């Protein structure tokens with residue numbers, strides 16, 4: 023069986039934001055076993071799973087991604103939407119729009135220190151729409 027729903031995450035400033043609790047609040051009871059697929063419907067924000075205990079991880083993400091894909095690169099042609107827009111598109115392609123998480127015994131089967139991140143690559147991205155698909 024397949025269940026699908028769509029919801030929005032609130033606006034966040036640029037950065038890496040733990041949203042596991044917000045996503046779980048949107049989902050009804052999870053099945054005993056299955057898979058949860060999350061897809062973000064945007065080209066300047068991504069989803070990932072990573073360390074959820076030490077906040078310095080988020081700072082390091084921002085630092086490294088800004089070194090990899092800097093704002094204001096003179097090679098960018100797509101600049102009409104602001105200095106943060108084209109780098110946001112590239113960072114989204116690097117991180118991705120979709121994550122998959124196994125469901126076991128009615129819970130997300132992630133590691134002890136894993137959490138779901140919204141990676142907001144725009145300075146002010148607005149609400150972000152998520153499609154959750156549960157296969158069971």
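Numbering (this note's numbering), first residue to last: 23 to 158.
All C-beta atoms in this analysis are idealised placements derived from N, C-alpha and C, irrespective of residue type, glycine included.
Remember, it's a predicted structure, so these values are computed and weren't measured experimentally.
(message) Within a Cβ cutoff of 7 Å, which residues of the same chain sit near residue 126, ignoring the five residues on either side of it in sequence?
(response) 55
(message) My parser needs the beta strand (DSSP E) runs of 3 or more residues fully inside the region 30-57; what are they?
(response) 35-40
(message) At the level of alpha carbons, what is the spacing between residue 90 and residue 96?
(response) 15 Å
(request) Give me the Cα-Cα distance between residue 99 and residue 142, rounded to the nearest whole angstrom. (result) 22 Å
(request) Please say whether residue 146 and residue 35 have beta carbons closer to each other than 8 Å? (result) yes
(request) May I ask you to verify whether the region 147-156 touches the region 50-64, counting CB pairs closer than 8 Å and requiring at least 3? (result) yes
(request) May I have the straight-line CA-CA distance separating residue 132 from residue 25, to the nearest angstrom? (result) 20 Å
(request) Using a threshold of 8 Å, state whether the C-beta atoms of residue 137 and residue 31 are closer than that. (result) no
(message) To the nearest angstrom, how far is the alpha carbon of residue 59 from that of residue 123?
(response) 6 Å
(request) Could you tell me the boundaries of the beta strand (DSSP E) in which residue 99 lies? (result) Premise fails: residue 99 is in no beta strand (DSSP E) and is neither H nor E.
(request) Have a look at residue 43 and residue 27 and give me their C-alpha separation to the nearest angstrom. (result) 16 Å
(message) According to DSSP, is residue 110 part of a helix, a strand, or is it coil?
(response) helix
(message) If I measure Cβ to Cβ from residue 66 and keep anything under 7 Å in the same chain, skipping five residues before and after, which residues do I get?
(response) 107, 110, 111, 114, 143, 144 and 147
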